[in-house]
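Okay, structure first, notes after.
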Amino acid sequence: MAMQRRMKVAHHDVFPAGAFLKGAVESVGDFNASPREDGSRPQQVDKDTGLPLWQVTVLDADEEASRKETALSVKFAAKQQPVPPENKSGMPWTPVEFVGLTALAWIDDSGPRPRLAWSFRAEGMVAPGSPLKAAS
Numbered sequence: 037m038a039m040q041r042r043m044k045v046a047h048h049d050v051f052p053a054g055a056f057l058k059g060a061v062e063s064v065g066d067f068n069a070s071p072r073e074d075g076s077r078p079q080q081v082d083k084d085t086g087l088p089l090w091q092v093t094v095l096d097a098d099e100e101a102s103r104k105e106t107a108l109s110v111k112f113a114a115k116q117q118p119v120p121p122e123n124k125s126g127m128p129w130t131p132v133e134f135v136g137l138t139a140l141a142w143i144d145d146s147g148p149r150p151r152l153a154w155s156f157r158a159e160g161m162v163a164p165g166s167p168l169k170a171a172s
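Here it is as C-alpha cells:
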C-alpha cells in the first residue's frame, strides 16, 4: 500500500489548544501565471480538482508552538469562497474547527538550515463544538 501525499489528520491533532481565524478568506494568487493588465494575479486552481483555491490565516493557540508555527495558512479547494463561522467569542479572532483536514509535509529551506514544514488543506470550517459538516 502506497502512502498518500496528503495525510488525513484530525483538527484536534493539529490544533490541540484551538485555532483562530485572523482576517478574511482570501483567494490564492497564481504566481506562476502571467499578471493581468492591472497587475493582479489570476486565482490559483487545484491541480487535482480544477477548483479555485482559497486560504485563511490561522493562529494556533498552542503555547508550545514556535514563532514560525503560531500563524499558518489553511487552504480550501472550493467553487465558491468558503464562509467562516460567526464570531460570537467577543475576541478579534474567530474560533474555528476545520473539517476534512489534510497535511502535506515539505522541506522549508528558506532559512539558515532546512526544516520540515506542513501545508494544510480543509474541506470546510465550523464553530468549535458544532456538528462537523463538509463543505458543499
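In terms of the working numbering, the sequence shown opens at residue 37 and continues consecutively. Built from N, CA and C at the ideal position, the CB exists for glycine as well. Model, not experiment: these values are computed from the prediction.
Shown here for ALA107: same chain residues with a beta carbon closer than 8 angstroms to its own, the five before and five after excluded, namely LYS58, THR93, VAL94, LEU95, ASP96 in chain order.
In the DSSP assignment, LYS104 falls within the alpha helix (DSSP H) that extends over 103-106. Looking at the backbone, the Cα of THR130 and that of PRO71 are separated by about 33 angstroms. Judged by DSSP in its simplified three-state form, VAL119 adopts coil rather than helix or strand.
Residue state for ASP144 is assigned as strand, using DSSP reduced to three classes.
Look at ASP84 here: in three-state DSSP terms it is coil, with no helix or strand label. The alpha-carbon of LYS104 is positioned some 12 angstroms away from that of LEU152.
The closest CA to that of PHE67, considering only PRO78, VAL61, ALA60, is found on PRO78.
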